[in-house]
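Visitor:
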Amino acid sequence: MKAPRGTQDLLPGVTEKWQYVEEKLKDLSRRYHYKEIRTPIFEHTELFQRGVGDTTDIVQKEMYTFQDKGDRSITLRPEGTASVVRSFVQHKLYGSPNQPTKLFYIGPMFRYERPQQGRMRQFVQFGIEALGSADPAIDAEVIALAMNAYRDLGLQSLKLVINSLGDQESRENHRQALIDHFSPVKDELCTDCQTRLEQNPLRVLDCKKDHDHQAMATAPSILNYLNESSNEYFEKVKAYLEAMNIPYVVDENLVRGLDYYNHTAFEIMSDAEGFGAITTLSGGGRYNGLVQELGGPETPGIGFALSIERLLMALEAEGIELPIDERLDCYVVALGDEANLKASAIVHELRGAGIQVDRDYQGKKMKAQFKAADRLQARLVLVLGEDELANNQISVKNMETGDQETMSLDDITSYIKEKV
Ligand code: HAM
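According to this note's numbering, numbering within the sequence shown proceeds without interruption in unit steps and concludes at 492.
1) With hydrogens ignored, establish whether the beta-carbon of Thr-153 is closer than 7 Å to any heavy atom of ligand 1.
2) Exposed or buried, Phe-347, counting other C-beta atoms within 10 Å across all chains shown (16 or more means buried)?
3) Excluding the 5 residues flanking Asn-245 on each side, which residues of the same chain have their C-beta closer than 7 Å to its C-beta?
4) Could you check where the alpha helix (DSSP H) with Ala-209 kicks off and where it finishes?
5) Are Met-135 and Ala-216 closer than 8 Å when you measure CB to CB?
6) Would you kindly check if the distance between the Cβ of Val-196 and the Cβ of Tyr-177 is under 8 Å?
7) Do Leu-277 and Ala-291 have their CB atoms nearer than 8 Å?
8) At which residue ranges does the segment 97-157 contain complete alpha helix (DSSP H) runs of 4 or more residues, listed in the order of the chain?
9) Determine the direct distance from the alpha carbon of Thr-485 to that of Ser-342, and round the result to whole angstroms.
10) Between which residues of its own chain and Leu-261 is the CB-CB distance below 6 Å, once the five residues before and five after are set aside?
11) Does at least one heavy atom of ligand 1 sit under 7 Å from the Cβ of Leu-82?
12) Quick check: the segment 204-223 against the segment 370-388, are at least 3 beta-carbon pairs closer than 8 Å?
13) Closer than 6 Å by C-beta to Leu-295: which residues in its own chain qualify, once you throw out the five before and the five after it? Chain order, please.
14) Please confirm if the segment 224-232 is in contact with the segment 85-100, defined as three or more CB-CB distances below 8 Å between the two stretches.
15) Where does the unbroken beta strand (DSSP E) through Asp-430 begin, and where does it stop?
16) Does the segment 405-415 come close enough to the segment 386-393 to have 3 or more Cβ pairs within less than 8 Å?
17) Would you mind stating whether Ser-229 and Ala-417 have Cβ atoms separated by less than 8 Å?
18) For ligand 3, any of its heavy atoms closer than 7 Å to the Cβ of Leu-353?
19) Is it the case that the Cβ atoms of Ala-444 and Lys-436 are separated by a distance below 8 Å?
20) In terms of alpha-carbon separation, which member of Gly-190, Met-219, Ala-337 lies closest to Leu-97?
21) Helix or strand or just coil, what does DSSP make of Gly-62?
22) Which same chain residues, not among the five before or five after Leu-313, have their C-beta less than 7 Å away from its C-beta?
23) Hey, quick one: how far does the alpha helix (DSSP H) through Phe-347 stretch, first residue to last?
24) Could you say which of Thr-173, Glu-304, Leu-237, Ile-427 lies nearest to Ser-293 if we only look at CA atoms?
25) Take Ser-480 and list the residues in its own chain whose beta-carbon comes closer than 7 Å to its own, dropping the five residues that flank it on each side.
26) Do you know how far the Cα of Gly-152 is from the Cα of Phe-120?
27) Say the cut is 7 Å; is the CB of Met-192 nearer than that to a heavy atom of ligand 1?
28) Phe-138: buried (16+ other C-beta within 10 angstroms of its C-beta) or exposed?
29) What would DSSP say about Val-86, mapped onto helix, strand or coil?
30) What does a CB cutoff of less than 8 Å around Lys-489 pick up in its chain, not counting 5 residues either side in sequence?
31) Grab the span of the alpha helix (DSSP H) containing Leu-274 for me, first residue to last.
32) In whole angstroms, what separates the C-alpha of Asp-129 from that of His-420?
33) I need the straight-line Cα distance from Gln-449 to Lys-174, nearest angstrom please.
34) Could you give the DSSP three-state label for Leu-366: helix, strand or coil?
35) Quick check on Ser-242: buried or exposed, where buried means 16 or more other Cβ atoms within 10 Å of its Cβ?
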């Protein structure tokens, strides 16, 4: 049997990389003062229909939706924002005196997409959400955190792309302009886009099939339809980015694939050679209105998410080795029944003292046990031979220097503690 298409097993050797990256992201969140939230992996389907939006590919084509035994429609979460906002409303986090509410999450998401490198059906997102502030400075904070998620790990070839989708009024005006622009060529567009044109014309700009249609290049830019306050907001976000020395490019065609966005939208791409066809590492934006849509009081919000899969791909493309130490602190070599009893007692005691230690369980000869210790890159090898045992002693070989010492068994724990 094999794991389902679009999923993967992470085995030892690889899980260490994941743990390293996840720890880095948690530390990053701590520095920016975002606290962890953990929401369920499945939710009522309606949450994503209302939250992510009925006209998006995610909701229309990509959700893992099923009826549970109680005949409720349940969906494996395709993203984290809708769940975080649901939880924010359900637990009235807006009532806390500490606003904005700054949250982060790490966990699996599920989308029924066509798998390819960097596109999985189960993938892990790290994301943050800041709820309760409409200050452009926090837009810049979210973008800065997103950039530092990569910079902290040593990535260099990054491109930050930003856009503004404006407020309700700006979007309405742009929507009408898009309808006017695409309607004359409607019949030349794919069937999806023909429906999109009626339901949500912004989605046409994001179409993979009609990407090269000549009407795309001349489509009206949202930036020409921003009203004064939306324009001012966008200018302030840019000024904050400049103040933090974060380079960006404005792409007026960046629309994002989820319906809840307005004002700031951004994506971070990898510029690295050989990264692959999909170059987007992460994306996010502002979603004023989503909290209300999900039954809460009017509350602005902004956030972003990245997948660890694509982050690790970017590290590989840039040839960055993570500083992961796989060496073992101690290995205990023993031969014979009595020595084995003693060996178990010693590893038990050392582990209790916080030391990483292992021993042989394959009935190996002395020489093979040394080989195993070598393979596991043990720093110290503890030897319980006949002589040692007879004198209540143990030998310690430092594998890095080759030095060997013999000492009383009673002193071994304090000695090793000091050494490692
Ligand atoms: P998204 O652009 O759909 O946004 O996904 C964010 C990131 O998740 C992508 O840039 C990509 O790194 C990763 N991703 C998405 N789909 C896959 C996949 N099939 N395989 C591997 N990685 C994938 C959101 O999900 C929003 N909730 C982000 C957000 C948070 N906006 C505001 N707050």
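Just so it is clear, CB atoms sit at the ideal spot from N, CA and C, and this is done for glycine as well.
Guide: Concretely, from the data shown:
1) yes
2) buried
3) Tyr-297
4) 208-223
5) no
6) no
7) yes
8) 117-123, 129-133
9) 49 Å
10) Asp-282
11) no
12) yes
13) Glu-324
14) yes
15) 429-431
16) no
17) no
18) Only ligand 1 can be found as ligands here, which leaves ligand 3 out of the picture.
19) yes
20) Met-219
21) There is simply no residue 62 to check, as the chain begins at 73 and stops at 492 in what is shown.
22) Ala-212, Ile-215, Tyr-320
23) Careful: Phe-347 lies outside any alpha helix (DSSP H) and carries neither H nor E.
24) Leu-237
25) Asn-464, Gln-465
26) 10 Å
27) yes
28) exposed
29) coil
30) Ala-425, Gly-426, Ile-427
31) Leu-274 -> no alpha helix (DSSP H), and no H or E assigned at all.
32) 55 Å
33) 42 Å
34) coil
35) buried
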